[in-house]
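Numbering (our numbering), first residue to last: 486 to 1463.
Just so you know, even glycine gets a beta-carbon here, dropped at the ideal spot from N, CA and C.
Accompanying notes for the structure given below.
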DNA sequence: TTAAGAGCCTTTTTT
DNA sequence: AGGCTCTTAA
C-alpha cells in the first residue's frame, strides 16, 4: 500500500471512466451531475482521497460539507477506512451547520460573538416567535413568521441585493417580528440554525484569514444548497477557489428549506472554467425500476435533462397495489415482506426492506401492522429521540446550567416537576425580568436570596420549592460543570446523574406517566449513555478542532457541556451505531427525506395518493414529484407502491397520485410478483448475492404458506367478485388456526371489510412468527452461524488483498459484497424431508416462468444476467416512446457507447477500500444474534437505537396483546394522587 | 385568580 | 402523542 502507483490503482480501480475523470480532474472547479445510484458520493469521497494522496493536499486544509449528519458520518467512515483515522480526523468534514458552529466557536469573538453561545432549535424558535406575536399583537401566524424569517436568512445576501420579489410588500409585522426575534436571541446568547450560517458568512467575509489555509472545498448533495450555503461555500474556497460539487437536480427535495436548484447555474456562471462531469450509469436499480421512475420524473418538463443508463436487467416489474384501507395497506405490506423473505430463501433479510413515507404520521398503521406481526423495525426521521418530553426536560436543565440567561429553557422547566407555578406566574416573571433588564434566572435567584424582591406574587410554599428544588439544583450543577474542564474526575455523566437524582426524576415520571414511565425512564438512561459515548469518543476532542492558521488565535472549545448540547441540537437523530443490537432482523421505516442517498433491495412506498404525495400542504408540486422519484429510486430489486381507497384518517375517498395515475396500469403490476426462478436470480444479480437454491426456499416454507400475493383482493372495490378467483380460497383454513381467545377484544369500530383481512393476517402471523423466531429461515440461520464461527473474516487488510478484480463500483456493491465476502457462503446441508404442501406449491410456481418479466428478458434471462446487457440494448428508452438521449452538449455523451464495460465480465468481486462501508452507514458486523427479540421496538417513535423496551422477553402473550391501539381509551380512572 | 384535568384536534419534509 | 381549549377544583 505504500507505492503511490498501487494507491492510485486501488483508488481508480473502483471507478468507471467518467467517475475517474471527475476524481482526477485538474480543473479548479468540478461539477459532478448525476442521477441516483450512479456513485456520486463514492466519486466525491474518492476525490477527497485523490486530492490528499495524489495532489498532496493537507487533510486539515480540506473542507467537506454535507447536508445531513448521517451523510457526514458515512463519508467520514469511508474516508477513514482509506486514509486512516489520523487523516480522517484532520479533515474538516460535517454538515454545513456543524462546520459553521466550529468556526464560530473558534473565531466568533472577532465578530462579537460570545463563545458560549447556545443553539436555538426549531422548537425554541417557534416558541419565541409565538410569544412575540402574541405579545405585540402582531396579526400574523407564528408559523408563517417563522418560515419568513428563516427564508430571509437562508436566501443570503445575494437575494436581498436583487429585490426580484419585492413586489408583494412583506407584511410590516413580519419585520417587527424578525427584529424582536433577533433581539431575543441576542439577549439570551443564542443562534438559531440559520444564524449559524449567517454569522459564519459574516465571519469569513470580515476575516478571510480564518480560511486562508483551505485548499479544497467539496460539497455533497449540492442541489440542496440554499443561498447562504452557496455564499459559505464560496467563502470557504476564497483562498484557492477549488470547489468540487456533486448533485442531482432531480433529487432536490429541500426547496422548502430554501434550497435553490439555481445555485447550479450560478456556480457555472461564476466559475467559468468549471469542469462538468456527468455520471450516467445507474448501478443500483433494476431496469424496470428505473423505467418507471423516469416516467415519473420526466413529467417535469422544465427539468435539467440527464442520461441515466441502467446497468442491470429488467427484473421484476414494479408493483402498484390497491388496498381497501390504510390498515389493510399496512397488513398487506407485512404479508408481502414475509412472502418475499420466505421466497428468497435467506437471500434477503428484514434489513433489506425499507418502507418510505412522505410524512412520518403515515407510519401509524404500518407500525401497528408490524407490531401485530411481531416484526421489529427502526424508524428514521419523524419524531426524534431528543424531542421526547422526558429528554427535553433533562436537556433544558442542562441548558440552563450552561446558559443562565436562557429564559426559554427556564420557563419550560420551572414547573417540572410540578411546583405549583402556572402559566400566569411564568408570564409575569418573564415580563418583570424584561422590564428590569435582567434574566429570569437572576430575578428568581435574587428574589430567593432576598437581594431583590420580585413584584410577582409568589406564595411562600412555591418560593420554598423554587429555592430548594430549582435554584439549589442548578447552582450545584453549575459548580460541578465548572469542574468538567479542568480534567478532574467529574464527567458529563456525573452531571446528568446528579440532575436526575436531585430532581427525583424517576419518581416524577412514575407519577406523571403511570402508563409508560418505564419506557421514559429508560429513555433518560439512554441519554446518559449518549452522554457517555460522546464523552468517550476521541472524535470529540479532535474533530471539533480547527487547524491552526498561522498567527490566528482560536478560542479553545473545551466546554464539554456546551459541545454536548450543540451536538444534540445539530444531530437530528441520536447516533445509531449501536453495537449491541442486531439490525439484520429489523426493517426500516423512514421518511423519504431521510432516505436520500440510501438504498435497499426492497422498497415500499405506501400512501401514493393525492394529499399525501403530493402533500396537501406542499407548495411546489414539482418538488413533490421529485420526492416520489427519490423514493422510487432507492429500490434495487423490488419496488412496491401502494394506495388505499380511503385515507388513514377515515371516510374520505382518496385518489391515486397524479404522478403515476397516467401510466399506472401500463407500468405496474397490480400485485406482487411471483418469485419464480428468473425474478429471484435477477434480484440476486443486482444485489450481487448468491441466489438461493430451490431447496433452500421450499424446505422452510410453513405448511400453509401462500407463495403468491393473494391474501388481499387486487381490486378492493370489488371484493365479492374476487371470491371465485381463489383469492380467499385458503382463508377459511387459516381461520381455524386463529388463536381463539382474543375475539372479544376486537375493536368495534373497525369496518366489516377490514375484519376479514386482519383476521387472516393475524392468523398468518400466528403460525409464521411464533414458529420461527426472528422470522429467518433455518438455512439462513445456519449460514449465519457458520459465518460467525469463521473467525477473522474482517481482517483490516482485506482491502489490500481485494484488488483481485479491480474494475468495480466497490462502493455500490460493497454493501452486498460484505455478505458474500470470502467466497460463497457455506451451503447448509440439505435435509431431505417429506414433501410438504408448500413444496408442491413451490414446484408449481417454478414451472410458471417469467410472468413478471418483460418479453425481452423472458427469452434468455440467465444469459443476460451473466454477461450484463448489451450496451445498445441498455440505451434507455422510456415507455413514453421518446428516446432518451444524452445531452449532446456534454462531452460525456460519447461514453454511453461503452459505459460499463468493466461490469459485464465480473459477477463477484471482493469489495475494495472504501466500498467496504455500507451505503447506509451501518457498520458491518457478524450476524450472530438471530434469535434475539424480534420486536424490540414495538411502538417506538423516533430514531431508535438500543431499543429500550427492556421488559420481559418476547412471548406469545405479548404477541397476542393487541398492538397498542392508536386511540385507545385509557384504562379508566387513573388513581391520581397528590 | 390560578392550577390542574379532560377532551378535542391535527399532524410535511430537517439542520 | 402533543398542543390546544374548556371545565372543574382549590
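Put residue 517 into one of helix, strand or coil per three-state DSSP.
strand
How big is the Cα-Cα spacing for residue 818 and residue 554?
29 Å
Using the three-state DSSP reduction, which class does residue 1089 fall into: helix, strand or coil?
strand
Can the beta-carbon of residue 1034 be found less than 7 Å from the beta-carbon of residue 697?
yes
With the cut-off set at 7 Å, would you say residue 668 and residue 596 are in Cβ contact?
no
With 16 as the cutoff for other CB atoms within 10 Å, does residue 496 come out buried or exposed?
buried
Going residue by residue through the stretch 812-894, where are the continuous alpha helix (DSSP H) segments of at least 4 residues, counting only ones entirely within it?
848-858 and 874-887
Tell me whether residue 996 sits in a helix, a strand or coil according to DSSP, three-state version.
helix
Same chain only: Cβ atoms within 7 Å of residue 484, ignoring 5 sequence neighbours per side:
Because residue 484 is not part of the residues shown, which for the chain are 486 to 1463, the question remains open.
Could you give the DSSP three-state label for residue 1138: helix, strand or coil?
strand
Between residue 690 and residue 684, what straight-line distance do the alpha-carbon atoms span, to the nearest angstrom?
10 Å
Below 7 Å between beta carbons: does that hold for residue 767 and residue 775?
yes
Do you know offhand how far residue 759's Cα is from residue 730's?
10 Å
Ordered along the chain, which non-local residues of its own chain (more than five positions away) have a Cβ less than 6 Å from that of residue 1016?
977, 978 and 981
Whole-number beta carbon distance between residue 576 and residue 549, since they are thought to touch under 8 Å:
6 Å
Using the DSSP secondary-structure output, state which residues sit across from residue 729 in a beta bridge.
515 and 703
Put residue 746 into one of helix, strand or coil per three-state DSSP.
coil
Bridge partners - residue 794, DSSP secondary structure assignment
766
Is DSSP giving residue 507 helix, strand or coil here?
helix
Give me, in chain order, the residues of the same chain whose beta-carbon lies closer than 7 Å to that of residue 709; leave out the 5 immediate sequence neighbours on both sides.
552, 737, 739 and 744
Residue 534 - DSSP class collapsed to helix/strand/coil:
helix
I think residue 1072 touches residue 860, with their Cβ atoms under 8 Å apart; what is that distance to the nearest whole Å?
7 Å
Going by DSSP, what residue range makes up the beta strand (DSSP E) through residue 572?
Taken as a continuous stretch (DSSP letters only), residue 572 belongs to no beta strand (DSSP E), being part of the alpha helix (DSSP H) at 570-575.
Where residue 865 falls, given that 16 or more other Cβ within 10 Å makes a residue buried:
buried
Verify whether the separation of the beta carbon atoms of residue 428 and residue 658 is less than 7 Å.
Residue 428 cannot be examined here, being either before or after the span of the chain that is shown, 486 to 1463.
Run through DSSP, which three-state label would residue 711 get?
strand
Counting along the chain, where does the alpha helix (DSSP H) carrying residue 688 start and finish?
678-691
Measure the C-alpha to C-alpha separation of residue 1106 and residue 545 and round it to an integer number of angstroms.
42 Å
Cβ-Cβ separation, residue 712 to residue 769 (assumed contact under 8 Å), whole Å:
That belief does not hold up - the Cβ atoms of residue 769 and residue 712 are roughly 31 Å apart, past 8 Å.
Taking contact to mean 3 or more Cβ pairs, one atom from each stretch, closer than 8 Å, check whether the stretch 1120-1140 and the stretch 1086-1098 are in contact.
yes
Can you give me the Cβ contacts of residue 1094 inside the same chain, cut-off strictly under 8 Å, excluding the 5 residues immediately before and after it?
1128, 1129, 1132, 1139, 1140, 1141 and 1142
Using the DSSP secondary-structure output, state which residues sit across from residue 695 in a beta bridge.
DSSP output for residue 695 lists no bridge partner at all.
Distance CB(residue 556)-CB(residue 705) smaller than 7 Å:
yes
Near residue 814, which residues of its chain fall below 7 Å by C-beta distance, leaving aside the five closest residues on each side in sequence?
808, 850, 1091, 1127 and 1129
Taking the alpha-carbon positions, what's the residue 1179 to residue 500 distance?
35 Å
So residue 601 packs on residue 888, CB below 8 Å; how close in whole Å?
7 Å
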